[in-house]
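These notes are about the structure you will find just below.
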Amino acid sequence: MATNYSIRIDFDREQENPQRVFIAMAMYIEGFNALQESFMQGFGKGIEFDTSLEKTREGSCIADIAIKVKDIIRGVRLESLYDCIYEGIKKEISTSEKIDSETDVKTFIKNVYSASGANSPQDKLFTCHGDADPINIADALNKIYKANSELSKNDKVQFGRGDDLTDISETFSCPRNGSQIFSNTVEDFPAKEILIVRRPSYVKGLQWDFERTHGKNKKITAAMLNSCSE
């Protein structure tokens, strides 16, 4: 059994640059496909997520996208779990405002998964909760934001299924992609502790494995800086 989602662009017929509608539609499909796939793969990398164009409809510009999703490791179909992810995304994308920090992205992820965990019996098939890659989520949201930027102020966009469509929030934005939001920084940690080296690495940029001599969290993995004070 396949499921689907729909995107509708109610476009301003008096606006010049008619190609904007089709450029934006392609970008919306790319963004929403990536967003939903990232959430589903948060339950395991063995999840297969395929999409195809089911049909286009009369009236404005409407694309119905068919989806097939299956866990190729456990051998189970996951349409009901996807449906809950879809509902969570639909709710969040209609109310979200500016997403431009690590906290913003993680809050978006948490809210979508909260909807799926509360409503899906399929969730019990997994030993862990969904753990989507926040960088991939931010990349997908950035694509949706760029699609918004292709349209005029009088064009309206909706996301949903069939005739049950909801406006994408007019205040939604995600101006930076994942690598820009989740930039790697080196922070000073003012503490001294004796560590036992368990696995060194002399290749620049790779991490070492250590073991603490006390405390609850015994194992530590960290990159070594070239300049270390004695």
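Counting in this note's numbering, the sequence shown runs without a single skipped number right up to 211 at its last residue.
Backbone N, C-alpha and C fix where the C-beta goes; we use that ideal spot for every residue, glycine too.
In this structure, does DSSP put G40 in helix, strand or coil? If DSSP states are grouped into helix, strand and coil, G40 belongs with coil.
Pick from E60, G141, W189 and N(-2): whose alpha carbon is nearest that of L132? Minimum Cα-Cα distance from L132 among the listed residues E60, G141, W189 and N(-2) corresponds to N(-2).
Among the residues of its own chain, which have a CB less than 6 Å from the CB of M(-18), if the five just before and after it don't count? In this prediction, M(-18) scores a pLDDT of 46, lower than 50, which makes its location untrustworthy; no coordinate-derived value is stated.
Would R(-11) and I43 be called neighbours here (beta carbons separated by less than 8 Å)? Their beta carbons are under 8 Å apart, which means R(-11) touches I43 by this criterion.
Limits of the unbroken alpha helix (DSSP H) element including Y227: This structure gives no information on residue 227, because the portion of the chain shown stretches from -18 to 211.
Quick test of your reading: I80 and S154, contact by CB under 8 Å. State the CB separation rounded to the nearest angstrom. Contact between I80 and S154 holds: their C-beta atoms lie close to 7 Å from each other, under 8 Å.
Hey, could you find the ends of the beta strand (DSSP E) D64 is sitting in? Run containing D64: none in the beta strand (DSSP E); it sits in the alpha helix (DSSP H), E60 to T76.
Taking the straight line between their C-alpha atoms, what separation do you get for F(-8) and R38? Roughly 14 Å between the two C-alpha positions.
Where T108 falls, given that 16 or more other Cβ within 10 Å makes a residue buried: Any reading at T108 must be qualified, since the residue scores a pLDDT of 42, below 50, and its modelled position is unreliable; the value itself is stated next. T108 should be labelled exposed.
From V178, D145 and L176, pick the residue whose C-alpha is nearest to that of S75; which is it? Out of V178, D145 and L176, D145 has the C-alpha closest to the C-alpha of S75.
Looking only at its own chain, which residues have a Cβ that is under 8 Å from the Cβ of F89, when we skip the five neighbours before and after it? Within the same chain, E73, S77, I80, I118 and L122 come within 8 Å of F89 by CB-CB distance, once the 5 residues on both sides are set aside.
Cβ-based burial, G111 [other Cβ within 10 Å; buried from 16]: Buried is the label assigned to G111, since at least 16 other Cβ atoms lie within 10 Å of its Cβ.
For L176, does the count of other Cβ atoms within 10 angstroms reach 16, so buried, or fall short, so exposed? Its Cβ having fewer than 16 others within 10 Å, L176 is exposed.
Per-residue burial, Q17 [other beta carbons within 10 Å of its own, 16 or more giving buried]: Burial call: buried.
Backbone secondary structure at C84 - three-state DSSP: Looking at the sequence itself, residue 84 is Thr, so the reference to Cys does not match. Looking at T84 - three-state DSSP - the assignment turns out to be helix.
In or out: M205 buried (at least 16 other Cβ within 10 Å) or exposed? Its Cβ having fewer than 16 others within 10 Å, M205 is exposed.
What separation, rounded to the nearest whole angstrom, lies between the Cα atoms of D45 and G23? Cα atoms of D45 and G23: separation of roughly 24 Å, rounded to the nearest angstrom.
Relative to the alpha-carbon of P156, which residue among H195, S182 and D85 has its alpha-carbon at the smallest distance? Comparing Cα positions, the closest option is D85.
Reduced DSSP secondary structure (H/G/I, E/B, other) of N123: In the structure shown, N123 sits in a helix (DSSP, three-state: H, G or I).
My output table needs one value for T(-16): the three-state DSSP class, helix, strand or coil. Assigned with DSSP and collapsed to three states, T(-16) falls in strand.
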